[in-house]
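Below is one structure, written out as structure tokens; comments come after it.
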Amino acid sequence: KAIWDTYNKDEFDAKWNIVVTKAGLTDHPWLSSMFDLRESWVPAYVRQFFAAGISSSQRAKGSHGFFKQYISRRNSLMDFIIRFERALSHQREKKLVADHVDAFEVAQCLLPMPMNKQMATLYTRTMFQKFEQELIESTACFLELKTEDACKVVFNVSERKNWETRVAEVVYVKDSDHASRSCQRFEFVGIICKHILALFRRDQIEYMPEKYILKRWKKTAKCGLVSDANGKEIKDCADPGLLIKRSTMSRLASDVVEDALMSEEGCEVLSETLKSLQVKLKLLKDGPSNNEVGGSSSQTQYMKDPKRVRCKGRSKGVTGAKEKAMKRGIRHCRECGHIGHDRRQCPALNTP
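So the mapping is simple: my numbering equals the position in the sequence shown, first residue as 1, plus 25.
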């Protein structure tokens, strides 16, 4: 509670001293060293940095807890592979179901407020539930004007929870039209806290301002262009062969770099070789015969008929005209029964 339920540095230091003193661990060397490094791991000291509410070890703990549902140490190698693939397929299925729910369903609002309905249509189901919980808890917050000047207004927001009254400070800057709270929940997690929502309710702000809605929490977060560090659009590679070549060359380049780092001479040789190779590749890229990857060619390609493939087994021999005539049955006249003519040429019918 002293670590995760404190919003500022002074509050954490006070609670830490109370806990350590009660436990009689004031002179404990490990706890003293951890307290000296509190600026690196205590949330109250790093709330000014955006982390989406994720701790440094949460990703690993979440993965371990997820795979423990499918895998145990008693599994063989084959069982591990099967169970691992099953876990990934279940994870993908849950993700697809969540995307379907966000795309075609609207969450039911517990509070009939315009802001709540607005966020139900914008946020994903998970983030909307977190926002709605903050909105519900904001109804139990009370604001009191502390100070006001030409630049900003400061409010004390009191909240009674678990028979304990906690007071937070909300600052509203007039020039930038921005409200912030001492807990810095929006800067740290990306969701407006209940104290600022209480200020919005006091000022009769019915809809959430756009600057407080992060795109990463919207249903349309996956839509749009994806850019790299240089701002260029990242496109999918349509040719799987290019991925194989890239992987092979990357592995080869990594091995070469590792070998070159063993000596200063190796680093110099590799650096000079890479520079000359870079010049050659640039000339090759700028040459007239260069074809861009994924580009269209001006030459017309004609598709020929595929080669005929013989079926399995022994093929039939070529049948000659004589064999065909021998296999053909002898024709008889249907009128007189003789051979050599048919009914149309039968002499019996033509006889007067």
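We treat Cβ as the ideally placed atom computed from N, Cα and C, and that holds for glycine.
Rounded Cβ spacing between residue i and residue j (contact assumed at less than 8 Å)
| i | j | result |
| --- | --- | --- |
| F180 | K171 | 6 Å |
| A112 | F92 | 6 Å |
| R368 | R359 | 5 Å |
| L299 | C292 | Actually they are not in contact, since the Cβ atoms of L299 and C292 sit about 11 Å apart, beyond 8 Å. |
Proximal residues to residue i (C-beta, below 6 Å), its chain only, five neighbours per side dropped
| i | result |
| --- | --- |
| L277 | none |
| R191 | E184 |
| P68 | none |
| T149 | D127, K244 |
| Q370 | none |
| V198 | K177 |
| G108 | Inspection of the sequence shows that residue 108 is occupied by Arg rather than by Gly. Closer than 6 Å at the Cβ level, and outside the excluded window around R108, lie Y95, I96. |
| E173 | none |
| A246 | K240 |
| G365 | none |
Opposing strand residues paired with residue i [DSSP bridges]
| i | result |
| --- | --- |
| T190 | R185 |
| K177 | V198 |
| H203 | V198 |
| H115 | None, per the DSSP bridge assignment. |
| I364 | H357 |
| V148 | Per the sequence shown, the amino acid found at residue 148 is Tyr instead of Val. Its beta-bridge partners are K243. |
| E162 | In DSSP, E162 forms no bridge with anything. |
| L168 | V182 |
Option nearest residue i by Cα separation, candidates the options
| i | options | result |
| --- | --- | --- |
| T164 | Q370, D38, L136 | L136 |
| R63 | Q94, A48, I96, W29 | W29 |
| D124 | E231, K243, V196, H357 | K243 |
| Q116 | C134, Y95, A132 | Y95 |
| E283 | L295, R98, L168 | L295 |
| K119 | A39, W66, T151 | T151 |
| Q154 | E173, Q133, I230 | Q133 |
| I230 | A204, K247, E297 | A204 |
| P234 | D202, M59, G362 | D202 |
Same chain, Cβ closer than 8 Å to residue i, neighbours up to 5 away in sequence not counted
| i | result |
| --- | --- |
| E194 | K171, V179, F180, N181, V182, R206, S207 |
| L121 | none |
| D200 | C176 |
| F105 | I96 |
Beta-carbon proximity list for residue i, same chain, < 7 Å, skipping 5 on both sides
| i | result |
| --- | --- |
| R210 | I216, C218 |
| Y232 | P139, M140, Q143 |
| H220 | C166, V182, A193, V195, R206 |
| L168 | F180, V182, A223, L224, R227 |
| N33 | A69, S207 |
| A76 | F213 |
| L50 | L56 |
| F37 | A27, T31, V67, A69 |
| V131 | A145, T146 |
The region 228–238 in contact with the region 141–148 per 3-pair CB rule at 8 Å: yes
Stretch-stretch touch, CB-based, cutoff 8 Å, three pairs: the region 208–219 with the region 64–72: yes
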